[in-house]
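Visitor: 10 is the number of the first residue of the sequence shown in my numbering; add one for each residue after it.
First the structure, then my questions, so here it is.
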Amino acid sequence: MIRSVILGTGGYLPDRVVSNDALACLHNLDTTDAWIAERTGIRQRHVAAPEQQASDLGLLAAREALAQAGISADEVDLIIVATATPDSAFPATAVRIQHKLGITQGFAFDVLAACTGFVYALGIADSLLRTGAARCALVIGAEVFTRILDWSDRGTCVLFGDGAGAVVLRAEEGQGTAQDRGVLGTHLHSDGRFGDLLHVDASGAQDVVRMAGREVFRHAVSKLAAAVDEALEVAGLTHADVQWLVPHQANKRIIEAMGRKLGLPAERVVMTVDRHANTSAASVPLALAEATRDGRIKRGDLVLMEAIGGGLTWGAALARF
Ligand code: COA
Numbered sequence: 010m011i012r013s014v015i016l017g018t019g020g021y022l023p024d025r026v027v028s029n030d031a032l033a034c035l036h037n038l039d040t041t042d043a044w045i046a047e048r049t050g051i052r053q054r055h056v057a058a059p060e061q062q063a064s065d066l067g068l069l070a071a072r073e074a075l076a077q078a079g080i081s082a083d084e085v086d087l088i089i090v091a092t093a094t095p096d097s098a099f100p101a102t103a104v105r106i107q108h109k110l111g112i113t114q115g116f117a118f119d120v121l122a123a124c125t126g127f128v129y130a131l132g133i134a135d136s137l138l139r140t141g142a143a144r145c146a147l148v149i150g151a152e153v154f155t156r157i158l159d160w161s162d163r164g165t166c167v168l169f170g171d172g173a174g175a176v177v178l179r180a181e182e183g184q185g186t187a188q189d190r191g192v193l194g195t196h197l198h199s200d201g202r203f204g205d206l207l208h209v210d211a212s213g214a215q216d217v218v219r220m221a222g223r224e225v226f227r228h229a230v231s232k233l234a235a236a237v238d239e240a241l242e243v244a245g246l247t248h249a250d251v252q253w254l255v256p257h258q259a260n261k262r263i264i265e266a267m268g269r270k271l272g273l274p275a276e277r278v279v280m281t282v283d284r285h286a287n288t289s290a291a292s293v294p295l296a297l298a299e300a301t302r303d304g305r306i307k308r309g310d311l312v313l314m315e316a317i318g319g320g321l322t323w324g325a326a327l328a329r330f
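This is the structure we're talking about:
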């Protein structure tokens, strides 16, 4: 049985760091560091330089993932970029990164599932690798989300940041058991009835994110809990088998609720939201990159990922590193 084995991870955050206080000052917002930190856990976010686009951030994350995997660019025959903030409608950001990496073989395309984008892209890549349509994939989440915020909407603009994360996956032979290395399952969902709760409003001069925060919060806790249970059940695993939770980084309170639900101690839940804020499709691979780089996630560890975002879209993925 073919498994999509994660051989490397990478992440990139723009140099510019903006604290909550600096953001409030910069945009003349009626908010405080204490309010933002208490409700969300966010203390700061990274903001891309004006000339940086999603493909620039994604390229740097991809390079680190390739280096960590020990894979050269000419082995890669599939690139999927999850982004809600592409360089342009086309060429796809994935094709731009393919070009910047000097790759001319295989195929590349973007996936749009907002903050769930990386989990969707991982699921699609896993399917393509397991059917033999590709052998080696780069899956990237890359966002310049601060470009689509309404800086007069304090309930939303304080939540997001820019960044990119990436993983390299290669098709390898497994035994077909939950002990195999690789992606053990991805479970994807969407329900457009809730589209208005978190969407991009394109009616004005500039596209901006609109969110009904409290409603999204309510959906997040119940839908993520159902998705992780589904992923574990289908894999024949239980809460006790999970070694690391790498959740979408939207809100500390949602992350902690998921950790409690799984019975995981706080040190087994990877948390970056305090420093990265919500980087949408980049948040899960950025958190993965951080926890593999610093040695927390090791070969053989079972990692549970989950995310929810605009659509609404949501899902969970299980992988053994
Ligand atoms: N600073 C100070 N006050 C703020 C504020 C800010 N940045 N943003 C909102 N408020 C105010 C509101 O105006 C409201 O004031 P009012 O009672 O005078 O009307 C009050 O705080 C409560 O607003 P509410 O939106 O109900 O707050 P909340 O406790 O739900 O927290 C979020 C708001 C956005 C932090 C919270 O709903 C949340 O995190 N939701 C999930 C969002 C998310 O994860 N989205 C991404 C999913 S991918």
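Where is the CB? At the ideal position from N, CA and C, for every residue including glycine.
Bear in mind that the values here come from a model prediction, so they are computed numbers and not experimental data.
(1) Just to check, is the beta-carbon of R48 closer than 7 Å to a non-hydrogen atom of the ligand PLP?
(2) If you draw a straight line from the alpha carbon of A326 to that of V217, how long is it in whole angstroms?
(3) Check each candidate in R190, A143, V225, V120 and name the one with the smallest Cα separation from A290.
(4) Please list, in chain order, all residues of the same chain as G309 whose beta carbon is under 8 Å from its beta carbon, the five residues on each side excluded.
(5) Evaluate contact between the region 52-66 and the region 249-264, counting only Cβ atoms and requiring at least three cross-stretch pairs below 8 Å.
(6) Return the first residue and the last residue of the alpha helix (DSSP H) that L297 is part of.
(7) Any idea which residues DSSP pairs V192 with across the strands?
(8) Is C34 buried or exposed, if buried means 16 or more other CB atoms sit within 10 Å of its CB?
(9) Return yes when the Cβ of V209 is within less than 8 Å of the Cβ of A74, no when it is not.
(10) Identify, in the order they occur along the chain, each residue of the same chain with its Cβ nearer than 6 Å to the Cβ of M10, setting aside the five sequence neighbours on each side.
(11) Only counting the same chain, and skipping five residues up and downstream in sequence, which positions put a Cβ closer than 8 Å to that of S81?
(12) Could you give the distance in angstroms between the alpha-carbon of L38 and the alpha-carbon of A229?
(13) Answer with buried or exposed for F99, where buried requires no fewer than 16 other C-beta atoms within 10 angstroms of its C-beta.
(14) Count the other C-beta atoms from every protein chain shown that fall within 10 angstroms of the C-beta of P95, then say buried if there are 16 or more, exposed otherwise.
(15) Can you tell me whether DSSP reads N260 as helix, strand or coil?
(16) Mind listing, in chain order, the continuous alpha helix (DSSP H) runs of no fewer than 4 residues lying wholly within the region 46-130?
(17) Should T102 be labelled buried (16 or more other beta-carbon atoms within 10 Å of its own) or exposed?
(18) Identify, in the order they occur along the chain, each residue of the same chain with its Cβ nearer than 6 Å to the Cβ of Q252, setting aside the five sequence neighbours on each side.
(19) Buried or exposed: K307, going by 16 or more other Cβ atoms within 10 Å of its Cβ?
(20) Would you list the one or two residues that DSSP bridges to N287?
(21) Taking C-beta to C-beta, are V56 and D171 nearer than 8 Å?
Guide: On the basis of the coordinates in this document:
(1) Summarising the ligand content, the structure contains the ligand COA and does not contain the ligand PLP.
(2) Note on geometry: alpha-carbon atoms of A326 and V217 lie some 29 Å from one another.
(3) When the alpha-carbon of A290 is set against those of R190, A143, V225, V120, the nearest one is in V120.
(4) R190, R329, F330
(5) Using a Cβ-Cβ distance cut-off of 8 Å, the region 52-66 and the region 249-264 are not in contact, since fewer than three pairs of beta carbons, one from each stretch, lie closer than that value.
(6) 292-302
(7) A328
(8) exposed
(9) no
(10) G183, G185
(11) L75
(12) 26 Å
(13) Counting Cβ neighbours within 10 Å, F99 comes out exposed, since fewer than 16 surround it.
(14) buried
(15) coil
(16) Counting only runs of at least 4 residues, the region 46-130 fully encloses the following alpha helix (DSSP H) elements, listed from N- to C-terminal order: 63-78, 102-109.
(17) buried
(18) D310, L311.
(19) exposed
(20) Beta-bridge analysis with DSSP links N287 to F169.
(21) yes
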